[in-house]
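Sequence order for the protein chains is S and E.
Residue numbering for the first sequence follows this note's numbering, starting at 1 and increasing by one per position.
Residue numbering for the second sequence follows this note's numbering, starting at 530 and increasing by one per position.
A short write-up of the structure that comes next.
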Amino acid sequence: MNKLVLLGDEAIAQAAMDAGISGVYAYPGTPSTEITEYIQKSKLAAERKIHSDWSANEKTAMEAALGMSYAGKKVLVCMKHVGLNVAADAFINSAITGVNGGLVVLSADDPSMHSSQNEQDSRFYGKFAMVPVLEPSNQQECYDMTYKAFELSEQYKLPVMIRITTRLAHSRAGVEQDTVLEENSLRIPEDSSQFILLPAYARKRYKGLLSQQSKLEDDAASLGFNKSIPGTDHSKGIIACGIAYNYYMEIATQHNLNYPVLKISHYPVNSLTVQKLVDSTDELLVLEEGAPLLEELMAGMLKGNYSINGRLNGTLPRDGELNPVIVSEALGIPVEDRLSVPGIVAARPPALCNGCGHIDVYSALGEALKEYSPGRVFSDIGCYTLGALPPYNAINSCVDMGASITMAKGASDAGLKPSVAVIGDSTFTHSGMTGLLDAIIEKTPITVVISDNSTTGMTGGQASHATGRIHQICIGLGLEEEHLVEINPMRKYHEENTKLIARELAYNGVSVILAQRECIQTAIKRKKT
Amino acid sequence: MKTDIILSGVGGQGILSIAAVIGIAAIDSGLHVKQAEVHGMSQRGGAVQSHLRISDKPINSDLIPEGMCDIILSVEPMESLRYIPFLSKEGWLITNSKPFINIDNYPELEEVHAAVKAIKNSVLIDADGIAAEVGTRKVSNIIMLGAASGFLGIEFSALENSISVIFGKKGEALVTLNLQALAAGQNEAKNQLNS
């Protein structure tokens with residue numbers, strides 16, 4: 001069969017379709033976005049009418065996926081790591097309800113925070129929920145493990161998590177496809193109380209989940225995704241998780257290292273899995289992309305003077321993604337002298353595009369705020385977060401999806417008036433609406449600027465649920481019509497916009513400034529097609 | 530056979546098209562390929578790079594180790610310098626000479642060119658100028674690919690086929706234009722290296 005050249009993300013998408021999913025649910029988030037986009041463009045998905053529209057947020061995605069599983073069909077739900085925080089309530093409880101049709105939860109982590117506000121490790125969520133977690137190391141494994149994950153999910157009647165990181169999500173290689181399986185037919189759960197988490201039922205189901213754990217551990221040890229690779233040099237044993245395995249093998253091949261290796265791609269890992277390696281080697285190096293999850297577990301499992309090296313004892317950096325140089329140094333192999341970057345090379349950080357409406361929003365808002373002391377602008381997640389950088393220096397916070405409105409409310413409650421939120425359209429429908437409802441009900445003096453570019457911009461221009469609906473949503477939530485002010489964020493309307501914003505800043509209640517102008521990138525794309 | 534290439538430039542300059550052409554050519558030549566891209570926030574006018582690895586043996590790391598890169602192929606001169614810790618001692622730095630200036634503190638261009646020339650093996654190509662002669666500046670990325678074509682370890686004809694595959698969907702005129710750009714880049718590099 002011909003090899004497809006696929007990103008790790010695309011290999012996961014292809015495998016999910018080949019495994020017979022009837023739907024994918026997701027909200028865009030780097031580095032997971034390309035999974036859903038690949039399915040949206042796929043012929044097979046079109047023929048089978050596989051659901052692939054974007055969800056409002058990760059929680060609605062996770063719940064819709066659980067509903068599709070309830071109805072007996074196979075389903076994939078994808079998100080970036082911080083999206084799993086949003087979906088966490090549904091995710092954790094989906095381990096208690098269990099599944100009917102195969103349910104695979106894909107979480108793409110971003111160590112080194114290339115496009116994120118933290119580098120949390122989703123494997124902890126898998127452990128927390130007590131579900132199996134697969135962690136592929138390359139694109140072919142992305143395919144194979146996703147394909148297998150649906151089978152495992154239906155076998156265990158549990159959701160199965162797949163955890164990848166940025167490098168694998170966004171790296172391409174040749175991938176071989178497996179047989180394309182049929183979709184499941186509609187079939188409601190045999191046990192009519194399975195999905196009813198009343199305490200009495202939930203206690204029973206939770207005991208069931210607990211009793212499954214030893215089977216999950218045994219299978220992780222025996223199904224073949226965790227591999228023991230023998231070696232002749234027993235002065236060190238290597239445990240390499242997910243993509244860290246590639247970095248180790250790169251260095252091992254280059255320097256003819258011959259340590260025994262345990263490649264971990266399937267959790268939960270029990271002590272038996274690692275005991276053989278521990279018994280036969282003098283010390284251990286644990287290579288994990290992300291947090292030292294396994295390293296901490298090992299410290300608990302292993303007694304005595306056996307030495308465990310990794311992120312906790314400084315052998316590897318405590319934060320950030322791994323790379324061949326870091327792994328080489330952790331193995332005690334110094335890296336040869338390298339050329340250094342000439343001093344003239346200047347940083348080139350990402351920036352708002354020329355012709356971006358967010359620029360004009362910040363320029364009018366900045367001028368309207370001049371008469372007040374600084375430190376009053378709570379912003380959010382999106383391209384407009386770049387307003388934090390010079391020359392704008394326009395915002396004072398960016399925490400999580402929707403936090404602009406609610407933080408502005410809290411600050412206003414504390415006495416900071418005026419207090420301003422700046423939020424994008426897609427972020428507003430993701431998690432901003434409920435916060436606005438809080439403020440409207442209490443008539444909290446805040447000014448909410450919705451900078452509406454009618455797309456999900458930072459992730460590459462996906463459809464936004466908010467497009468054409470923000471006015472109605474705000475009125476529906478109970479906003480006073482006279483304090484819903486629509487402005488056109490263009491330089492030629494700067495003075496007018498500034499005056500309108502200034503007027504609303506002075507209002508002792510909730511105002512929304514709706515600044516609508518199409519994203520310059522989607523406008524260019526639209527004109528091309 | 531192994532060629533490790535870092536492609537560099539500024540978001541939107543077309544380095545992923547270069548990567549796609551080389552990637553397909555390598556796969557069609559029966560080689561293994563891994564190519565790590567940058568998506569997301571950095572694409573907004575920021576520095577972007579792609580690690581492209583080609584080998585006749587399976588490839589482990591998606592990232593090229595520092596000091597091991599055979600070619601830095603850049604569509605922007607200052608960006609070519611950002612990645613030189615990756616360049617091996619005998620590696621080649623091949624870059625467009627035309628700067629992309631979207632920051633206030635961009636260094637003097639003469640200094641940038643001097644730093645490129647200070648690398649043991651380097652080629653400076655006026656890709657935008659040659660692209661304009663070919664017909665449109667939009668093909669300056671393929672001019673750069675042509676300039677590097679002799680260093681890749683892939684047959685020139687495989688690159689041509691790959692261009693036909695990738696641009697074929699968008700019409701024959703675009704294929705011809707890009708094939709001309711590829712040849713023009715190759716000629717320019719040959720002329721420079723022979724002089």
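Every residue, glycine too, gets a C-beta built ideally from N, C-alpha and C.
Quick one: using the 10 Å Cβ neighbour count with 16 as the cut-off for buried, is residue i buried or exposed?
| i | result |
| --- | --- |
| K592 (chain S) | The displayed coordinates of chain S run from 1 to 529. Any statement about residue 592 (chain S) would go beyond what the structure contains. |
| M648 (chain E) | According to the sequence displayed, residue 648 (chain E) carries Ile and not Met. Result: buried. |
| G415 (chain S) | exposed |
| S379 (chain S) | buried |
| E701 (chain E) | exposed |
| F629 (chain E) | buried |
| L44 (chain S) | exposed |
| P28 (chain S) | buried |
| T146 (chain S) | buried |
| P324 (chain S) | buried |
| Q564 (chain E) | buried |
| I524 (chain S) | exposed |
| E58 (chain S) | buried |
| R203 (chain S) | exposed |
| G697 (chain E) | exposed |
| G387 (chain S) | buried |
| D360 (chain S) | buried |
| L369 (chain S) | buried |
| A555 (chain E) | buried |
| Q139 (chain S) | buried |
Helix, strand or coil for residue i per DSSP?
| i | result |
| --- | --- |
| Y612 (chain E) | coil |
| T456 (chain S) | strand |
| E496 (chain S) | helix |
| M490 (chain S) | coil |
| S340 (chain S) | coil |
| N118 (chain S) | coil |
| C474 (chain S) | helix |
| M130 (chain S) | coil |
| H170 (chain S) | coil |
| F378 (chain S) | strand |
| K443 (chain S) | coil |
| S464 (chain S) | coil |
| S265 (chain S) | coil |
Who are the near neighbours of residue i in its chain, counting only those whose CB is closer than 7 Å to its CB and skipping five residues on each side?
| i | result |
| --- | --- |
| I729 (chain E) | Residue 729 (chain E) lies beyond the residue range present for chain E, which begins at 530 and ends at 724; the question has no answer from this structure. |
| Y392 (chain S) | Y362 |
| L152 (chain S) | P132, V160 |
| T498 (chain S) | A364, E367, A368 |
Which same chain residues end up closer than 6 Å to residue i when comparing Cβ atoms and leaving out the 5 residues on each side of it in sequence?
| i | result |
| --- | --- |
| Y143 (chain S) | A11, A15, V175 |
| S235 (chain S) | D282 |
| G682 (chain E) | M530, T532 |
| F685 (chain E) | S678 |
| K443 (chain S) | G509 |
| Q715 (chain E) | G675, S678 |
| G332 (chain S) | none |
| Y125 (chain S) | L84 |
| A548 (chain E) | L536, Q564, S579, L581 |
| Q316 (chain S) | Per the sequence shown, the amino acid found at residue 316 (chain S) is Leu instead of Gln. Taken in chain order, the residues that qualify are G310, A330. |
Can you list, in chain order, the residues of its chain with a C-beta nearer than 8 Å to that of residue i? Leave out the 5 residues immediately preceding and following it.
| i | result |
| --- | --- |
| G575 (chain E) | V539, G540 |
| R611 (chain E) | S537, A576, Q578 |
| I613 (chain E) | I601, L622, I648 |
| A90 (chain S) | K59, M62, E63, L66 |
| S397 (chain S) | V377, F378, S379, A403, S404, M407 |
| G23 (chain S) | I50, H51, S52, A64, A65, M68, K73, V75, L76 |
Pull up the CB-CB distance for residue i and residue j, whole angstroms please, since I reckon it's below 8 Å.
| i | j | result |
| --- | --- | --- |
| E141 (chain S) | S265 (chain S) | 7 Å |
| S307 (chain S) | A169 (chain S) | Incorrect: roughly 33 Å between the Cβ atoms, too far for contact. |
| I92 (chain S) | A64 (chain S) | Not confirmed; about 17 Å, so no contact. |
| N631 (chain E) | A351 (chain S) | 7 Å |
| V82 (chain S) | D400 (chain S) | 7 Å |
| A660 (chain E) | D557 (chain E) | 26 Å between Cβ atoms; not a contact. |
| S328 (chain S) | I251 (chain S) | 5 Å |
| N761 (chain E) | I671 (chain E) | Within the shown structure, residues of chain E are numbered from 530 to 724, placing residue 761 (chain E) beyond reach of any answer. |
inquiry  = Check whether the region 474-486 of chain S and the region 338-349 of chain S are in contact - that is, three or more C-beta pairs closer than 8 Å.
reply    = Verdict: no, contact absent.
inquiry  = Is it the case that the region 61-81 of chain S contacts the region 275-286 of chain S, given that we only count it when at least three CB pairs across the two stretches are under 8 Å?
reply    = No contact exists between the region 275-286 of chain S and the region 61-81 of chain S.
task = Decide yes or no for the touch test of the region 353-364 of chain S against the region 578-586 of chain E: beta carbon pairs closer than 8 Å, at least 3 of them.
result = No contact exists between the region 353-364 of chain S and the region 578-586 of chain E.
message = Within 8 Å, do at least three Cβ pairs link the region 107-121 of chain S to the region 179-190 of chain S?
response = Proximity of the region 179-190 of chain S to the region 107-121 of chain S falls short of the contact definition, fewer than three beta-carbon pairs being nearer than 8 Å.
Contact between the region 214-230 of chain S and the region 267-281 of chain S (3+ Cβ pairs under 8 Å) = Because the criterion of three Cβ pairs below 8 Å is met, the region 214-230 of chain S and the region 267-281 of chain S touch.
ask   = Does the region 435-450 of chain S touch the region 509-518 of chain S, meaning 3 or more C-beta pairs lie closer than 8 Å?
value = Of all C-beta pairs linking the region 509-518 of chain S to the region 435-450 of chain S, three or more are shorter than 8 Å, placing the two stretches in contact.
Cβ pair count under 8 Å reaching 3, the region 147-164 of chain S against the region 118-136 of chain S = Note that the region 147-164 of chain S touches the region 118-136 of chain S; at least 3 beta-carbon pairs, one per stretch, sit closer than 8 Å.
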